[in-house]
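Working notes, structure below.
Number of protein chains: 2
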Amino acid sequence: MSAAALDLQSWLDLRCREVNAALDARLTASAAPAVILEAMRYPLVGGGKRLRPLLAIAAAEAVLERHGKALEAASALAMPAACALEMIHTYSLVHDDLPAMDNDTLRRGRPTAHVVFGEGLAILAGDGLLTEAFALLAREPDGVPGVPADTLARRKLQAVAVIAEAAGAAGMVGGQAIDLEAAAAGAAPLDAQGLRDMHARKTGALIRASVASGAVMAGAEDAELHAAVDYATQIGLAFQIVDDILDVEGASADLGKTAGKDAAAGKPTYPAFFGVEPSRRLAAECLGRALDALCQAGLGGQLAAIGHWVVTRRQ
Amino acid sequence: MSAAALDLQSWLDLRCREVNAALDARLTASAAPAVILEAMRYPLVGGGKRLRPLLAIAAAEAVLERHGKALEAASALAMPAACALEMIHTYSLVHDDLPAMDNDTLRRGRPTAHVVFGEGLAILAGDGLLTEAFALLAREPDGVPGVPADTLARRKLQAVAVIAEAAGAAGMVGGQAIDLEAAAAGAAPLDAQGLRDMHARKTGALIRASVASGAVMAGAEDAELHAAVDYATQIGLAFQIVDDILDVEGASADLGKTAGKDAAAGKPTYPAFFGVEPSRRLAAECLGRALDALCQAGLGGQLAAIGHWVVTRRQ
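For the record, the sequence lines run as chains B and X. Numbering follows this note's numbering, in which position 250 of the first sequence is assigned residue number 250; successive positions increment by one, without gaps. Quick note: to get this note's numbering, add 1000 to the position in the second sequence (first position is 1).
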């Protein structure tokens, strides 16, 4: 393992532990009834790559570094957004797994939430996670040394807007609706453009919002924010292409979810349209464009390394 | 009909039309795919009393009047929150009506969303409405004459926090979880205190947040906000008591939803605990305390009249 890779791995491990601790702390501090808290905690603490929180924190670090500021502030600035993004991602998995949607019973190596808690409570747990995300974004951080209160308020409000728009009907929810409709009996299958639009909403939008909200919380200027979003658009697409390849090639034990399910369900995938090797090249091209965007804006830190990891990951 | 009552009715009609037009404009401006927009629009435009939006606007007017400011600003300041509150209320109805929850097929006099669009799309429509509410709160109002940008940003952020906390697991979602658990086979029925706690979360929290967010957007001072929340707490309780009485006494055609359902499901209600007439007195006492809170803080406008309407309404 190269030194650079070791550095990324150490960074990922450290930040992942911080994210997990912060998520746990939010739930522990909640005044919610035990019955709903337990159903929210189960899917949230059940592992996962924490890609979205890590992207938010890495983006905040990259902006702080570019501005010549101490990287230590990244966590104080971006951890609430990081936790909010993971809550929203988790809620989307809980709802997508429901019998009325993808009807999946295995997620992150464990039975899905509705299998454990029943459908009603799983729907409510998702609703609770989504709503708590916005409460968290509005409340925290309550103050950050060196950032005036009005500046912080404006950044937080922008983070709420960016994340809500990405997670909503024009973004993630809309993508899932397109996916659901395309899977309905008698529906016309998506073509390659339709597949790309569906993924740009369903997974791409929240990945873009992760990078954007981290950058916004760190005080990114317009050009930096623009470059960060360009990077995230490419990384989001690469992530989905690799996901499709792993679904074709992977085993359920490695993925922690049911492998081969998309293909079995007749869902369109990148390998199905283009073949496995061309799909790999497509992902590599996305990575190249992502790195270009970072380079031109002078954004460094871990964003590039995370991009490499997204394309080369085995699970 | 007295002049005062006529005034309230004219005010309600005018504001209701404004709220409906604003809700319609939000959806029309959305970049969401048609399939999800249609499923969000159906439950949102299907009528309803618009109690929460009206409370938000009335609270904003009361604060502006107390500060000697023109009431015309109430709409500019509070209409986004008013629309967000109605979206959140509507999402909660769509999810609560699902087969995995209350399994209701009639709402506001029409088939429920999952009957029309299927369960999957109904779940997503609820998710979309909830998320759009926060996007709207963060985006709008973009500027209000006489209110400095930083002041407006702080108010909007506080409105997001107040509404998200009320709608989330410690509030509305938690109340529905308690209700769901209490209805499960073999569960112990709620006692009177448990019933009150459940309703304080399930319906009370969002009614409090409606009044609070309207007051916050108009620039309420702490004492005014406190009094407004006291008023809302009492009105929320009265609203639920009257709802229970109407469920016992009403006909489905008047209510626009299935009457007698709570009693038939063995759900605890105020009339079941205390009898119909004592429940009516309880609602009247709530109204008295609500009016006291307004009076002591010098808050006038339509809040008192809305309180009277909540207690005397027939549907």
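Just so you know, even glycine gets a beta-carbon here, dropped at the ideal spot from N, CA and C. Source: prediction; values computed, not measured.
Asked, Found
"Within the region 1209 to 1249 of chain X, ranges of the beta strand (DSSP E) (whole runs, at least 3 residues)", "none"
"Beta-carbon proximity list for I241/B, same chain, < 6 angstroms, skipping 5 on both sides", "Y270, S279, L282 and A283"
"Local conformation of A253/B per DSSP, three classes", "In this prediction, A253/B scores a pLDDT of 48, lower than 50, which makes its location untrustworthy; the coordinate-derived value is nonetheless stated afterwards. Three-state result, A253/B: helix."
"Buried or exposed (CB count within 10 angstroms, at least 16 for buried), S1030/X", "buried"
"Cβ-Cβ distance between M40/B and G118/B below 7 angstroms", "no"
"Cross-chain neighbours of I57/B in chain X, by beta carbon under 8 angstroms", "In chain order: nothing, as chain X lies at least about 22 angstroms away."
"Contacts of V1160/X in chain B (Cβ-Cβ under 7 angstroms)", "F134, A138 and V160"
"Cross-strand partners of R110/B (DSSP beta bridge)", "R107/B"
"Rounded Cβ spacing between L1190/X and P1268/X (contact assumed at less than 8 angstroms)", "5 angstroms"
"Any chain X beta carbon closer than 7 angstroms to Q193/B", "no"
"Stretch pair the region 1082 to 1095 of chain X + the region 142 to 151 of chain B: three plus CB contacts closer than 8 angstroms", "no"
"For V1035/X, the three-state DSSP class (helix, strand or coil)", "helix"
"Minimum Cβ-Cβ distance from E165/B to chain X less than 7 angstroms", "yes"
"Cβ of T1312/X within 7 angstroms of any chain B Cβ", "no"
"Residues of the region 1022 to 1037 of chain X whose Cβ lies closer than 8 angstroms to any Cβ of chain A, in chain order", "Among the protein chains of the structure shown, namely B and X, there is no chain A."
"Under 7 angstroms between C-beta atoms of V248/B and L55/B", "no"
"C-beta neighbour in chain X for K156/B, strict 7 angstroms", "yes"
"Contacts around A1304/X, its chain only, beta-carbon distance under 7 angstroms, and the 5 residues preceding and following it disregarded", "L1291 and L1294"
"Nearest-angstrom beta carbon gap, A1138/X and A161/B [assumed within contact, 8 angstroms]", "4 angstroms"
"V173/B: contacting residues in chain X (beta-carbon distance under 7 angstroms)", "I1036, L1124, D1127, G1128 and T1131"
"Residue burial classification, V327/B (beta-carbon count within 10 angstroms, cutoff 16)", "Any question about residue 327/B goes unanswered here, given that chain B covers just 1 to 315."
"Burial state of R1017/X, where buried means 16 or more other Cβ atoms lie within 10 Å", "exposed"
"C-alpha gap between D13/B and A169/B, whole angstroms", "33 angstroms"
"Sufficient close CB pairs (3 or more, under 8 angstroms) joining the region 1076 to 1084 of chain X to the region 1193 to 1206 of chain X", "no"
"Terminal residues of the alpha helix (DSSP H) in which K156/B lies", "A149 to A167"
"7 angstroms Cβ cutoff met for A153/B and L1157/X", "yes"
"Interface residues of chain X facing E181/B [CB-CB closer than 7 angstroms]", "V1035"
"Local Cβ density within 10 Å of S1002/X, reported as buried at 16 or more and exposed below that", "For S1002/X, the predicted model reports a pLDDT of 42, less than 50, meaning its position is unreliable; a value from the coordinates is still stated below. Per the 10 Å Cβ criterion, exposed."
"C-beta neighbour in chain B for I1178/X, strict 7 angstroms", "yes"
"H95/B classed as buried or exposed, judged by whether at least 16 other C-beta atoms fall within 10 angstroms", "buried"
"Under 7 angstroms by beta carbon: chain B residues contacting G1168/X", "G128, T131, E132 and A135"
"Candidates A232/B, F273/B, E221/B and T105/B, of which the one nearest A192/B by Cα", "F273/B"
"Contact list for H95/B against chain X, beta-carbon separation under 7 angstroms", "I1123 and D1127"
"Under 9 angstroms by beta carbon: chain B residues contacting I1294/X", "This sequence places Leu at residue 1294/X; Ile is not what is there. The premise fails here: L1294/X is roughly 27 angstroms from chain B at the closest Cβ pair, so nothing lies under 9 angstroms."
"CB contact check: A1076/X to chain B, cutoff 7 angstroms", "no"
"Status (buried if at least 16 other CB within 10 Å, exposed otherwise) for Q1009/X", "exposed"
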